[in-house]
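Here the structure is laid out as structure tokens; the discussion comes afterwards.
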């Protein structure tokens, strides 16, 4: 039947051939004839009523066939709205591209259907990534008009996330211009009350950035990301003394990130820009990321951030190296992640008396991650376990001999009796150790590992060993499996390669500080 034929065409979105177009014209003629015959039967006596009903049913079938044909003949309807939305979402650039919204606007001009599809996707109009040239750039006028149009389309109610650089798209300007910030203030000022997320790119001098942050219209701003200028700052001293921001200026600010070695850059040019110069309401922050901050700034932040739930800190010692340190407070979510890399010349002293404050935060921890080649000395490892009796999941990235740490985790060890008794899952990343020590998986301390499994029988549920992919071949897997099968602990043990581990599993257990929900993020 024609109807089933056209329905099949509608599902696969195929264009109609010449023969099918003739069928459409024939359907129209038949429909006109059926309607004329129905009008004739209306005036006849009652016994002919069934004939009229038959003609009416025939007319309905023909009309259904014709409506399907018209849907196919309309080129706007050849693509479902879901397909159009996918095209808009993935074309032509990545989601963080500064030119993406411009292309979406252009695609929305194809037809009213495409425009409706573009406007119906909130992500396009609530998250803007734009490199806005300054007033001296020839493309400034077009970018300004586009930005105004984008804000108009975003609507008055939707919350906004704004990622913006105020500079030339080619990034070839040697001196950062202050005019760009004035342009941004003029364009965005009517919408500051709606901003929830603001990421300011590599174009802002701090002597003009801080007054911008002091705008009293930022009533709903919840997340702020600040980057270091992409070009070298001028040799003149930057005046960043603007006084503390009042609590009513940023009442809802909870997440702040200082990225791209902001403090290290200015210290290298002998500029006195430190964390204390950014007088943000640290006492209300729940998420904080500091890159290349010194120990004094980190300690001050830890004292002020009384509501901190998650933090990422890249600490810098006197030798100028970045030492990553992750902390998640136990006050709300009940877990802490810490990592620290110590070398011979490092003098951070985090594991000395100054570490008492950090250890004190661990009394209610559920998840502990020691990553980034953490130099786990057994004595320090003892201290960590002593202060974290409620840990249920443990992740370690080792660059030292592995055997002492399995011994330290055994319940039967007198010194560590009843330490982490609730431990149910453990991941041990040995890739760095094997790479640095030039040993292989054949040197893995299987006896000590089996003793550890036996000591945790009944409580430990999962154990995953992560080593370099080149080491994990089928012969090693088989030998490892045979040895582990001898254990009667009931622990599920897996040997995982780098390729298998990438992008999933425990390596994405750390929370994402830029999402409101508890998300899984990669342990970098």
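Residue numbers (the numbering used here): 20 to 543.
Heads up, the beta-carbon is just placed ideally off N, CA and C, and yes, glycines get one too.
Since we're looking at a predicted model, the values are computed, not measured.
For residue 127, which residues in the same chain have their Cβ closer than 6 Å to its Cβ, ignoring the five residues on either side in sequence? Taking the chain shown and counting its residues from 1, one reaches residue 127 at position 108. The beta carbon of residue 127 sits closer than 6 Å to those of 133, 134 and 137, all from its chain and outside the five residues before and after it, given in chain order.
Quick check: the Cα distance between residue 476 and residue 403, rounded to an integer number of angstroms? As a first step, residue 476 is located in the chain shown; it is residue number 457 there, counting from the start. As a first step, residue 403 is located in the chain shown; it is residue number 384 there, counting from the start. Residue 403 has its alpha-carbon roughly 22 Å from the corresponding atom of residue 476.
Pick helix, strand or coil for residue 474, following the three-state DSSP scheme. As a working mapping, residue 474 is identified with position 455 in the chain shown. If DSSP states are grouped into helix, strand and coil, residue 474 belongs with the helices.
Secondary structure at residue 132, three-state DSSP: helix, strand or coil? The count along the chain shown starts at 1 and reaches residue 132 at position 113. In the structure shown, the three-state DSSP call for residue 132 is helix.
Could you check where the beta strand (DSSP E) with residue 446 kicks off and where it finishes? For this step, residue 446 is matched to residue 427 along the chain shown. That run of the beta strand (DSSP E) goes 444 to 448.
Rounded to a whole number of angstroms, what is the C-alpha to C-alpha distance between residue 270 and residue 210? Along the chain shown, read from residue 1 onward, the residue named residue 270 stands at position 251. Along the chain shown, read from residue 1 onward, the residue named residue 210 stands at position 191. Their backbone Cα atoms lie some 17 Å apart in a straight line.
Taking the straight line between their C-alpha atoms, what separation do you get for residue 217 and residue 464? To locate residue 217, count along the chain shown from 1; it is residue 198. To locate residue 464, count along the chain shown from 1; it is residue 445. Cα to Cα, residue 217 sits roughly 50 Å from residue 464.
Enumerate in chain order the residues of its own chain whose CB-to-CB distance from residue 502 is below 8 Å, with the five nearest sequence positions on each side excluded. What you label residue 502 is simply residue 483 of the chain shown in a count that begins at 1. Taking residue 502 as the centre and dropping the five residues before and after it, the same chain places the C-beta of 465 and 469 closer than 8 Å to its C-beta, in chain order.
With a cut-off of 8 Å on the beta carbons, I'd call residue 510 and residue 472 a contact; round off their distance for me. Locating residue 510 in the chain shown gives position 491, where the first residue counts as 1. Locating residue 472 in the chain shown gives position 453, where the first residue counts as 1. 5 Å between Cβ atoms; contact.
Assuming contact is defined by CB atoms lying nearer than 8 Å, are residue 179 and residue 215 in contact in what I supplied? Within the chain shown, residue 179 is the residue found at index 160, counting from 1. Within the chain shown, residue 215 is the residue found at index 196, counting from 1. Yes, the pair counts as a contact, with Cβ atoms nearer than the cut-off.
Could you compute how far the alpha carbon of residue 386 sits from the alpha carbon of residue 409? Against the chain shown, residue 386 aligns to sequence position 367. Against the chain shown, residue 409 aligns to sequence position 390. Distance between the alpha carbons of residue 386 and residue 409: 9 Å.
Rounding to the nearest angstrom, what Cα-Cα distance links residue 241 and residue 274 in this structure? On the chain shown, residue 241 is found 222 positions in, with the first residue counted as 1. On the chain shown, residue 274 is found 255 positions in, with the first residue counted as 1. In a straight line, the C-alpha of residue 241 is about 6 Å away from that of residue 274.
Using 8 Å as the limit for Cβ to Cβ distance, is residue 401 near chain D? The question asks about chain D, but that chain is absent: this structure has only one protein chain.
Give me the Cα-Cα distance between residue 326 and residue 299, rounded to the nearest whole angstrom. As a working note, residue 326 is residue 307 in the chain shown. As a working note, residue 299 is residue 280 in the chain shown. About 14 Å.
By DSSP, does residue 210 sit in helix, in strand, or in coil? Against the chain shown, residue 210 aligns to sequence position 191. In the displayed model, residue 210 falls within a helix according to three-state DSSP.
Can you look up residue 510 in the DSSP assignment and give me helix, strand or coil? Position 491 of the chain shown, counted from the first residue, corresponds to residue 510. Looking at residue 510 - three-state DSSP - the assignment turns out to be coil, as it is neither helix nor strand.
Buried or exposed: where does residue 505 fall if 16 or more other Cβ atoms within 10 Å of its Cβ makes it buried? Reading the chain shown from its first residue, position 486 is the one you call residue 505. By the C-beta density criterion, residue 505 is exposed, having fewer than 16 other C-beta atoms within 10 angstroms.
Here's the rule I'm using: 16 or more other beta-carbon atoms within 10 Å means buried, otherwise exposed. How should residue 48 be labelled? Counting from 1 along the chain shown, the entry for residue 48 is found at position 29. Per the 10 Å Cβ criterion, exposed.
What are the boundary residues of the beta strand (DSSP E) that includes residue 274? Mapped onto the chain shown, residue 274 falls at position 255. Taken as a continuous stretch (DSSP letters only), the beta strand (DSSP E) holding residue 274 covers 274 to 278.
Boundaries of the beta strand (DSSP E) in which residue 16 is found, first to last residue: The chain is shown only over 20 to 543; residue 16 falls outside these bounds and no answer can be derived.
For residue 410, name the three-state secondary structure that DSSP assigns. As a first step, residue 410 is located in the chain shown; it is residue number 391 there, counting from the start. Here residue 410 sits in coil by DSSP.
Three-state secondary structure (DSSP) of residue 260: Along the chain shown, read from residue 1 onward, the residue named residue 260 stands at position 241. Residue placement at residue 260 is poorly supported in this model, since its pLDDT is 45, which falls under 50; the coordinates are not used for a value here.
Cβ shell of residue 479 (< 8 Å), same chain only, five flanking positions each side left out: Mapped onto the chain shown, residue 479 falls at position 460. So the qualifying residues of the chain are 442, 443, 444, 445, 472, 508 and 510.
Please name the residue in 440, 425 and 500 whose C-alpha comes closest to that of residue 406. Counting from one through the chain shown, the residue named residue 406 turns up at place 387. Closest in C-alpha terms to residue 406, from the list 440, 425 and 500, comes 440.
If you reduce the DSSP assignment to three classes, tell me which class residue 215 lands in. Residue numbering aside, residue 215 sits at position 196 when the chain shown is read from its first letter. If DSSP states are grouped into helix, strand and coil, residue 215 belongs with the strands.
Identify whether residue 585 lies in helix, strand or coil by the three-state DSSP scheme. Absent from the model: residue 585. The displayed extent of the chain is 20 to 543, so no value can be given.
Please report the straight-line C-alpha distance between residue 336 and residue 307, rounded to a whole angstrom. As a working note, residue 336 is residue 317 in the chain shown. As a working note, residue 307 is residue 288 in the chain shown. Since pLDDT at residue 336 reaches only 46, below the 50 mark, its modelled position is unreliable, and the value read off the structure follows with that caveat. Their backbone Cα atoms lie some 20 Å apart in a straight line.
Along the chain, where does the beta strand (DSSP E) containing residue 482 start, and where does it finish? Reading the chain shown from its first residue, position 463 is the one you call residue 482. In this chain, the beta strand (DSSP E) harbouring residue 482 covers 481 to 485.
Mind checking which residues open and close the beta strand (DSSP E) that includes residue 439? The residue labelled residue 439 in the question sits at position 420 within the chain shown. From DSSP, residue 439 is part of no beta strand (DSSP E); its letter is neither H nor E.
Per DSSP, what kind of secondary structure is residue 545 in: helix, strand or coil? Any question about residue 545 goes unanswered here, given that the chain covers just 20 to 543.
Cα separation between residue 246 and residue 448? Translated into positions along the chain shown, residue 246 becomes position 227. Translated into positions along the chain shown, residue 448 becomes position 429. Put simply, the backbone Cα of residue 246 is about 32 Å away from that of residue 448.
Beta-carbon proximity of residue 467 to residue 425, cut-off 8 Å: Position 448 of the chain shown holds residue 467. Position 406 of the chain shown holds residue 425. Taking 8 Å as the cut-off, the Cβ atoms of residue 467 and residue 425 count as close.
Look at the alpha carbon of residue 188 and the alpha carbon of residue 219, and state the distance between them as a whole number of angstroms. Walking along the chain shown from the start, residue 188 turns up at place 169. Walking along the chain shown from the start, residue 219 turns up at place 200. Because the pLDDT of residue 188 is 43, which lies under 50, any placement of that residue in the model is unreliable, and the question is left without a value.
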